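What follows is a single structure, written as structure tokens, with notes after it.
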Amino acid sequence: MPSNANGDRGQNWEAQLRKGCLEMAILATLWQSRLYGLEILRALSEKSRLEVAEGTLYPILSRLKAEGLLESEWVEAEAGHPRKYYWLTAPGRRRAREMAGAWNEFAPKLTVLVEPIAAGRS
Amino acid sequence: MTSQALVDGRIETYLNRLGSALGGLAPEYKDDILREIRTHIMDSAEHSADPVGGIDRVLRLLGTPEELAARYSAECQLERASRSFSPWVLLRTCWQWARLGIRGTLAFLVAMFGYSLALGFTLAVFLKPFLPSQIGMWIGPQGLNIGLEAHPEQMHEVLGNYFVPVIAAAAFLAAITTTQLLRWMMRKRAPGLVVPAADFVAAAEIEKTPAIKLRS
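As structure tokens, then:
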């Protein structure tokens, strides 16, 4: 059915877009702070409205650490559960800068391109 | 059963299944994952007015234990394989990488070609004592052939007694070169391309799916 196929393609494109941006978004949330998983999820949701499922975030954090872009440690909370805090390593900060630079170059150009579409809709 | 006991039971069942699904991972790595997921579940559910409903939501957003374990394995598999010297680990990883895109497909083709070459050379070395007049490095009108020649009378064998050491060295070289090339390709891969895009579903979409059924 054409309408379902178009809907599926649109959803897949959006999923591809999220996938491409998510790593940059995670590194950006850790740029100024050490955060644990739930805090990273909240920061992604509140600051960028980039909601991602927990089941997607934690394996990515694990990979980024395995690549040497993040470091982590368990911190005992005064009351409650110990939490695993993450922060950027030097290579992680370099990667974040590269990604932010690429994004700042790419995004405005695309915004200019799609502006007539958004204007036409309203 | 009290609601707290029900909640605890669900969490333990989930973590037990996750631990089983994480399978052959190093124990300290597996323990760290389980500890982090347990903390996340407890933290998330703490702020919910309905303990049982809160746990259901958290577990739904995590995905089934098997799905979560598969994501952990997929995300780290390439990174671990890039540090391995095992042809079997590299070949298996390339096969899974090939399903995700062109780079993985290229790596898989490199692996198949390189390791097939090494295997073929090794086989020829082992068969040479049993088929001395048919196995060799043959040059003739049909070109170059290393291995079994169906028409040896039409071809000229060039290595003679040096066949075994030369082809054994070639097999070793093919295996080492392929291994190093694959390790390099895995290290140079674009980051974030391990898990298929379909897995990057927003939390809002997952909320619509039924709660995960766990056997207590």
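Just so you know, the protein sequences line up as chains Z and W, in that order.
Just so you know, numbering that gives the first Met the number 0 puts 97 at position 98 of the first sequence, and the rest follows in order with no gaps.
Just so you know, numbering that gives the first Met the number 0 puts 166 at position 167 of the second sequence, and the rest follows in order with no gaps.
Virtual Cβ for every residue (Gly too), placed ideally from N, Cα, C.
Predicted model only: the values in this text are computed from it and were never measured.
Under 6 Å Cβ to Cβ from residue i, same chain only, skipping five residues before and after it: list those, please.
i, result
"Ile-40 of chain W", "Ile-10 and Val-57"
"Leu-90 of chain W", "Ala-110"
"Leu-61 of chain W", "Leu-67"
"Val-165 of chain W", "Leu-158"
"Ala-167 of chain W", "Val-124"
"Met-154 of chain W", "Trp-137, Gly-139 and Glu-148"
"Thr-104 of chain W", "Ala-97"
With distances taken from CA atoms, which of the options is nearest residue i?
i, options, result
"Val-88 of chain W", "W:Ala-68, W:Ala-110, W:Ala-69 and W:Arg-102", "W:Ala-110"
"Arg-94 of chain Z", "Z:Trp-12, Z:Leu-26 and Z:Arg-41", "Z:Leu-26"
"Thr-88 of chain Z", "Z:Asn-103, Z:Glu-77 and Z:Glu-72", "Z:Glu-72"
"Leu-68 of chain Z", "Z:Ala-76, Z:Gly-91 and Z:Tyr-84", "Z:Gly-91"
"Gly-139 of chain W", "W:His-150, W:Ser-132, W:Pro-86 and W:Arg-70", "W:His-150"
"Pro-81 of chain Z", "W:Ile-54, W:Ala-174 and W:Asp-31", "W:Asp-31"
"Gly-54 of chain Z", "W:Ala-48, W:Asp-49 and W:Glu-35", "W:Glu-35"
"Ala-76 of chain Z", "Z:Tyr-35, Z:Glu-104, Z:Ser-44 and Z:Leu-29", "Z:Tyr-35"
"Ala-73 of chain W", "Z:Gly-79, Z:Ala-118, Z:Glu-70 and Z:Arg-62", "Z:Arg-62"
"Leu-49 of chain Z", "Z:Ala-14, Z:Gly-119 and Z:Gly-79", "Z:Ala-14"
"Ile-175 of chain W", "W:Glu-148, W:Ser-85 and W:Arg-186", "W:Ser-85"
"Arg-70 of chain W", "Z:Trp-30, Z:Gln-31 and Z:Leu-56", "Z:Leu-56"
"Gly-16 of chain Z", "Z:Ala-106, Z:Ile-39, Z:Glu-45 and Z:Ala-118", "The question names Gly, yet the displayed sequence has Leu at residue 16 of chain Z. Here the closest residue by C-alpha is Z:Ala-106."
"Leu-108 of chain W", "W:Pro-131, W:Thr-178, W:Pro-64 and W:Trp-137", "W:Thr-178"
"Asp-49 of chain W", "W:Gln-3, W:His-155 and W:Glu-65", "W:Gln-3"
"Gly-8 of chain W", "W:Glu-27, W:Val-51 and W:Gln-141", "W:Val-51"
"Trp-30 of chain Z", "Z:Gly-79, Z:Glu-114 and Z:Glu-70", "Z:Glu-70"
"Glu-45 of chain W", "Z:Val-74, Z:Gly-79, Z:Glu-45 and Z:Thr-110", "Z:Gly-79"
What does a CB cutoff of less than 7 Å around residue i pick up in its chain, not counting 5 residues either side in sequence?
i, result
"Leu-33 of chain W", "Leu-14, Leu-17 and Gly-18"
"Thr-38 of chain W", "none"
"Lys-127 of chain W", "Ile-134, Phe-162 and Val-163"
"Gly-146 of chain W", "Gly-119, Ala-123 and Ile-134"
"Thr-121 of chain W", "Ala-170"
"Ala-173 of chain W", "Gly-113, Leu-116, Ala-117 and Phe-120"
"Ala-80 of chain W", "Val-88, Leu-89, Thr-92 and Met-185"
"Ala-42 of chain Z", "Thr-28 and Leu-34"
"Trp-102 of chain Z", "Met-23"
"Val-74 of chain Z", "Pro-81, Arg-82 and Tyr-84"
"Leu-5 of chain W", "Val-51"
For residue i, does the count of other Cβ atoms within 10 angstroms reach 16, so buried, or fall short, so exposed?
i, result
"Ser-47 of chain Z", "exposed"
"Leu-112 of chain Z", "exposed"
"Ala-25 of chain W", "exposed"
"Asp-55 of chain W", "buried"
"Arg-59 of chain W", "buried"
"Ile-116 of chain Z", "exposed"
"Ser-2 of chain Z", "With a pLDDT of 46 at Ser-2 of chain Z, under the threshold of 50, the modelled position of this residue cannot be trusted, and the question is left open."
"Lys-18 of chain Z", "buried"
"Pro-131 of chain W", "exposed"
"Leu-77 of chain W", "buried"
Tell me which residues share the same chain as residue i and place their Cβ nearer than 8 Å to its Cβ, disregarding the 5 neighbours each side in the sequence.
i, result
"Ile-59 of chain Z", "Leu-21, Glu-22 and Ile-25"
"Arg-33 of chain Z", "Tyr-84, Tyr-85 and Trp-86"
"Ala-106 of chain W", "Cys-93, Trp-96, Ala-97, Leu-181, Met-184 and Met-185"
"Lys-29 of chain W", "Gly-18 and Leu-21"
"Leu-143 of chain W", "Met-136 and Trp-137"
"Ala-99 of chain Z", "Met-23 and Ala-27"
"Thr-208 of chain W", "Because the pLDDT at Thr-208 of chain W is just 46, under 50, the model does not fix this residue reliably, and the value given afterwards should be weighed accordingly. Excluding residues within five positions, the ones whose Cβ falls inside 8 Å are Arg-59."
"Asn-160 of chain W", "none"
Roughly how far, in whole angstroms, is the beta-carbon of residue i from the beta-carbon of residue j, given that I think they are within contact range, below 8 Å?
i, j, result
"Cys-75 of chain W", "Ala-65 of chain Z", "5 Å"
"Glu-156 of chain W", "Met-136 of chain W", "6 Å"
"Asp-42 of chain W", "Leu-40 of chain Z", "At roughly 10 Å, the Cβ-Cβ gap does not stay under 8 Å, so Asp-42 of chain W and Leu-40 of chain Z are not in contact."
Discussion item. Just to confirm the assignment: which complete beta strand (DSSP E) runs, minimum length 3, are found wholly within the segment 113-170 of chain W?
Written reply: The segment 113-170 of chain W contains these whole beta strand (DSSP E) runs: 134-139 and 142-147.
Worksheet item: Which full runs of the alpha helix (DSSP H) of 4+ residues lie inside the segment 35-100 of chain Z, going along the chain?
Response: The qualifying runs are 36-47 and 53-65.
Practice prompt. For the segment 10-43 of chain W, list the alpha helix (DSSP H) runs that are entirely contained and at least 4 residues long, ordered along the chain.
Written response: For the segment 10-43 of chain W, not one full-length alpha helix (DSSP H) segment reaches 4 residues or more.
Worksheet entry | Under 9 Å (Cβ pairs) to chain A, residues found in the segment 31-48 of chain Z | No chain A appears in the structure shown, which is made up of the protein chains Z and W.
Discussion item. I'd like the ranges of any beta strand (DSSP E) spanning at least 3 consecutive residues and lying wholly in the segment 46-87 of chain W.
Written reply: None, since the segment 46-87 of chain W contains no complete beta strand (DSSP E) of that length.
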